[in-house]
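For my numbering, count along the sequence shown from 1 and bump the result up by 27.
All C-beta atoms in this analysis are idealised placements derived from N, C-alpha and C, irrespective of residue type, glycine included.
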Amino acid sequence: MTASFVQSITEVGRDGWNACAGTDNPFTSYDFLSALEETGCATAETGWMPYHAVLRQQEADAPSAVMPLYIKSHSYGEYVFDHGWAQAYERAGGRYYPKLQSSIPFSPIIASKLLSASDTNARALLQTGKAIAEKLGLSSVHLTFLPEEEAALAEEEGYLIRNDQQFHWHNRGYDTFDDFLAALSSRKRKQIRKERQAVLDSDVKIEALTGAEITEAHWDHFFACYLDTGARKWGQPYLTREFFSAVGARMADRILLIHCSKDGQPVASALNFIGANTLYGRHWGALADIPCLHFEACYYQAIDYAIRHKLAFVEAGAQGPHKIARGYEPTKTFSAHYMRDPGFHDAVSRFLNAERQDVASDIAYYGEHLPFRKD
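See below:
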């Protein structure tokens with residue numbers, strides 16, 4: 028088995044990458060990751076220098092396994108927050124950046140990072156990450172938003188496991204949105220109906236668009252909404268206008284765009300990506316303050332689409348205990364971390380032991396406040 032590293036996913040190629048990544052998750056696809064690179068989002072200049080790992084049985088062979096990797100000069104756009112670790116390490120005289128990061132840039136999406144059908148290859152990727160960090164003098168290796176089984180492999184390979192939580196909707200065999208409502212308590216059912224009616228009463232037109240239905244005009248409107256939300260939340264949006272055109276051209280059938288207009292004028296938009304069994308809610312923005320439109324465009328439209336298309340889950344992104352009242356359930360997330368400095372590794376381990384207990388308590392608490400009927 029030989030390992031190499033490439034500074035652009037184009038050096039692997041679509042066929043070679045997708046043969047390892049599969050097709051279930053749109054975020055690990057060649058089309059999505061190459062769009063990030065080619066439109067200036069994930070580059071050395073933005074602090075996301077591609078350094079993808081490629082394993083081959085022999086040097087001339089097709090890839091047997093790949094791992095999306097980036098050499099990071101900061102911790103922005105990751106959604107697993109290690110700023111405190113960086114500050115502590117540097118106060119102690121260490122240099123935290125650059126670090127090695129395996130993630131989907133700007134996307135808190137649970138997705139395989141060890142892209143191979145073989146556990147042996149997955150372990151080799153984990154070992155390769157540690158080895159290249161040692162060779163390049165990087166402080167640490169981080170794999171974020173892993174499936175639980177990959178986190179277990181990482182722990183066996185000496186990585187520390189970090190837990191957090193997101194809120195996901197589960198399709199429990201519903202045939203219609205009303206079936207979903209029927210599973211809720213009377214009070215929560217009335218609340219959702221009231222919120223949906225408020226949007227109807229506001230005369231907002233909502234279109235669920237996918238494939239060729241999405242035009243450049245729709246992307247222009249979406250980007251205006253994205254910029255407005257980004258400016259209010261974090262100052263500088265991570266994604267460029269060109270990125271959305273690129274994914275729209277390359278993977279339109281895996282995109283669900285909720286387009287909201289009033290009196291013929293666009294007022295809001297929500298972007299989702301369609302996986303094999305999961306709908307992923309990613310970005311939302313509004314140019315007008317319309318009561319309950321956020322809930323409708325981001326949550327109820329997503330649930331309705333998932334039910335109609337027999338998808339098992341909706342992942343609605345980071346944060347948001349308010350999602351519980353809309354039928355989303357607390358879900359434990361997993362990340363894996365390796366610090367080259369043994370003393371720092373031990374300190375982070377102690378921190379994570381305590382943090383995991385807090386996360387477990389939060390998940391248990393929210394689990395007791397789900398909106399479903401008790402009978």
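Selection from the options that minimises the alpha carbon distance to residue i
{"i": "F108", "options": "T171, M94, Y332", "result": "T171"}
{"i": "H101", "options": "P95, S376, W75", "result": "W75"}
{"i": "E176", "options": "A209, E240, A144, R216", "result": "A144"}
{"i": "T70", "options": "P293, K99, A315", "result": "K99"}
{"i": "K140", "options": "T147, S130, N148, S134", "result": "S130"}
{"i": "A297", "options": "S376, A343, Y265", "result": "A343"}
{"i": "E395", "options": "R335, E234, P348, A374", "result": "P348"}
{"i": "D255", "options": "S362, G238, A313, K126", "result": "A313"}
{"i": "Y365", "options": "A138, A160, T55", "result": "A160"}
{"i": "N299", "options": "K289, I282, L63", "result": "I282"}
{"i": "A404", "options": "R268, F378, P357, A92", "result": "The question about residue 404 has no answer here: the residues shown for the chain are numbered 28 through 402."}
{"i": "S376", "options": "A239, Y355, Y186, D385", "result": "Y186"}
{"i": "A87", "options": "L142, A30, A138, R118", "result": "A30"}
{"i": "I136", "options": "P174, H110, G111, A119", "result": "P174"}
{"i": "F399", "options": "G370, A387, E356, E382", "result": "E356"}
{"i": "C319", "options": "V231, Y201, S167, A48", "result": "V231"}
{"i": "A179", "options": "A339, E72, A149", "result": "A149"}
{"i": "D290", "options": "N45, R383, A315", "result": "A315"}
{"i": "A181", "options": "D202, Y201, L127, D146", "result": "D146"}
{"i": "D42", "options": "S56, D51, N52", "result": "S56"}
{"i": "G308", "options": "E382, P53, G49, D402", "result": "P53"}
{"i": "E222", "options": "S166, H321, T305", "result": "H321"}
{"i": "A339", "options": "L142, Y201, L82", "result": "Y201"}
{"i": "H372", "options": "G49, A381, A138, S166", "result": "S166"}
Residues sharing a beta bridge with residue i, DSSP
{"i": "P77", "result": "Y97"}
{"i": "L306", "result": "I301, V341"}
{"i": "F32", "result": "A80"}
{"i": "Q128", "result": "Y97, H169"}
{"i": "H364", "result": "H169, L187"}
{"i": "F399", "result": "L211"}
{"i": "G312", "result": "S296"}
{"i": "K232", "result": "S288"}
{"i": "L142", "result": "V93"}
Proximity below 8 Å, CB of residue i to CB of residue j
{"i": "I241", "j": "A279", "result": "yes"}
{"i": "Y265", "j": "G67", "result": "no"}
{"i": "H286", "j": "E234", "result": "yes"}
{"i": "R189", "j": "S35", "result": "no"}
{"i": "G156", "j": "D368", "result": "no"}
{"i": "D58", "j": "V274", "result": "yes"}
{"i": "Y326", "j": "K350", "result": "yes"}
{"i": "A324", "j": "A295", "result": "yes"}
{"i": "G302", "j": "I330", "result": "no"}
{"i": "E243", "j": "S288", "result": "no"}
{"i": "Q192", "j": "V386", "result": "yes"}
Rounded distance between the beta-carbons of residue j and residue i, thought under 8 Å
{"i": "P95", "j": "L60", "result": "6 Å"}
{"i": "A352", "j": "W196", "result": "Going by Cβ atoms, the distance from A352 to W196 rounds to 12 Å, so no, they are not a contact pair."}
{"i": "Y78", "j": "F32", "result": "5 Å"}
{"i": "H245", "j": "L236", "result": "6 Å"}
{"i": "L152", "j": "A239", "result": "So it is not a contact: roughly 37 Å between Cβ atoms."}
{"i": "L63", "j": "F270", "result": "7 Å"}
{"i": "R199", "j": "A210", "result": "7 Å"}
{"i": "A113", "j": "Y124", "result": "7 Å"}
Within-8 Å CB hit, residue i to chain C
{"i": "F340", "result": "You won't find chain C in this structure, because it holds only one protein chain."}
Length at least 3, wholly inside the region 237-293: the beta strand (DSSP E) runs in chain order
282-289
Minimum length 3: unbroken beta strand (DSSP E) runs contained in the region 150-220
167-173, 187-197
Length-filtered (4 minimum) alpha helix (DSSP H) runs lying within the region 315-361
328-335
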